[in-house]
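Worksheet for the structure shown next.
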Amino acid sequence: MATLVNKFLNKRTYQIEFNGSNLESGIYFYRIQAGDFTDEKLMILLK
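So for the sequence shown, my numbering puts the first residue at 1; every next one is plus one.
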């Protein structure tokens with residue numbers, strides 16, 4: 001598990017990069033939380 005950002009950010013658009021070079025190819029779940037909003041998605045990592 002990894003936390004990319006865990007702090008208050010002002011309202012605007014952000015781009016966060018995730019380095020998965022230490023992970024194996026596979027299917028991963030990720031979650032985005034902002035205030036009352038939560039969304040979970042699948043990420044497919046192919047090497």
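From the three backbone atoms N, C-alpha and C, an ideal C-beta is built for every residue, glycine too.
Computed from a predicted model, the values in this text were never measured in an experiment.
Starting from the Cα of Asp39, find the closest Cα among Lys47, Leu45, Phe29, Leu46 and give me that residue.
Taking the first residue of the sequence shown as position 1, residue 39 is located at position 39. Restricting attention to Lys47, Leu45, Phe29, Leu46, the CA atom closest to the CA of Asp39 is found in Phe29.
Within 8 Å of any Cβ in chain C, is that where the Cβ of Gly26 sits?
The structure shown has no chain C; it contains just one protein chain.
Would DSSP call Tyr28 helix, strand or coil?
As a first step, residue 28 must be located in the sequence shown, where it is residue number 28. If DSSP states are grouped into helix, strand and coil, Tyr28 belongs with the strands.
Could you round the C-beta distance between Ser25 and Leu46 to whole angstroms and report it? I think they count as a contact, below 8 Å.
The residue given as residue 25 occupies position 25 in the sequence shown. The residue given as residue 46 occupies position 46 in the sequence shown. Right, their Cβ atoms sit about 5 Å apart.
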